[in-house]
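Read in order, the letters of the sequence shown are residues 219 to 440 in the numbering used here. Structure first, then comments.
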Amino acid sequence: MDATDSSTSLSFQVATFNASITVGPVVLGALVATCLFGCLVVQTYVYYANFANDHRVIKFTVAAVFATQIAHVMCVSATLWNTAVSAYDDPLKLQILPLAAAAIILFTGITGALVESYFAFRLWKVSKKLLLPFLSLVLCIIAQVVSLVISTQAFKTTSIAVFETDQSMTITLALTSRVLCDLILTLSMVWCLKKQRSEYPRQATLLPIRAAVMISQDNEHD
């Protein structure tokens, strides 16, 4: 009876297997990730070719992001292989969380922290104010700490269903912190740059007027 029930359960799970909602997202995500990595390679080359005189801290940040993304795309490829090849003849293997997928969470968090901390620094330099850069940096730190917790639990957990159930709140917290941080950085940078751009034409318009006033004053003194 047990063997029959087990065989029936296995046959039912295989029959209800839907590749479009399991394998499909992994394949699509891998394709998008590799395309974006190609864009990153071009951007990194252009940066080092045109901004060789930048501060070494900025160069190190760019190199760290590039190295982290190399590890990220390798883990994405390993996850794709595990999903589309290793589990091809056994859909039950898709219920197991691969180690490469857990590593993706880790490297994604590190990349986000590097990029957001850099833009928080740029926002501070542009705005000359501390409140918004500090707030975005706090959100970045919260998201990074939560991401480390999630990745640690992912390495310890083997079941995808258990991982989703146990880490749903922490995943939501990490994503919310990232989104809020990115929104603050993006909107603040756009506002500061737009403000500087609007002030430049005003100064350029007043410059000839000031010059004419100075010339007229010099003529009066003469």
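Built from N, CA and C at the ideal position, the CB exists for glycine as well. No experiment lies behind these values; they were computed from the predicted model shown.
For residue j and residue i, believed in contact at Cβ under 8 Å, the rounded distance
i	j	result
residue 364	residue 395	7 Å
residue 294	residue 322	6 Å
residue 330	residue 361	7 Å
residue 328	residue 286	5 Å
Through-space distance from residue j to residue i, alpha-carbon basis
i	j	result
residue 348	residue 380	41 Å
residue 236	residue 306	12 Å
residue 410	residue 247	34 Å
residue 391	residue 326	15 Å
residue 415	residue 344	12 Å
residue 273	residue 309	51 Å
residue 256	residue 262	10 Å
residue 375	residue 341	39 Å
residue 284	residue 356	24 Å
residue 292	residue 268	28 Å
residue 300	residue 259	26 Å
residue 254	residue 288	11 Å
residue 346	residue 393	28 Å
residue 244	residue 251	10 Å
residue 407	residue 338	9 Å
residue 352	residue 412	21 Å
residue 264	residue 298	30 Å
residue 249	residue 242	11 Å
residue 350	residue 359	14 Å
residue 311	residue 389	23 Å
residue 290	residue 354	24 Å
For residue i, three-class secondary structure by DSSP
i	result
residue 236	coil
residue 430	With a pLDDT of 49 at residue 430, under the threshold of 50, the modelled position of that residue is not reliable, and the figure given next carries that caveat. Helix, per DSSP.
Exercise. Taking the runs of the alpha helix (DSSP H) that are 4 residues or longer, which of them lie wholly in the segment 258-308?
Worked result: 274-299
For this session: Determine, using beta-carbon pairs with one atom in the segment 267-279 and one in the segment 308-319, whether at least three such pairs fall under 8 Å.
Result: With the cut-off at 8 Å, the segment 267-279 and the segment 308-319 do not touch.
Exercise. Using 8 Å as the threshold, is the segment 364-373 in touch with the segment 381-392, meaning 3 or more CB pairs across them?
Worked result: Result yes; three or more Cβ-Cβ pairs closer than 8 Å.
For this session: Examine the Cβ distances between the segment 321-341 and the segment 394-414 and report whether three or more of them are shorter than 8 Å.
Result: yes
Problem set entry | Sequence ranges, beta strand (DSSP E) only - wholly within the segment 324-408, length at least 3 | none
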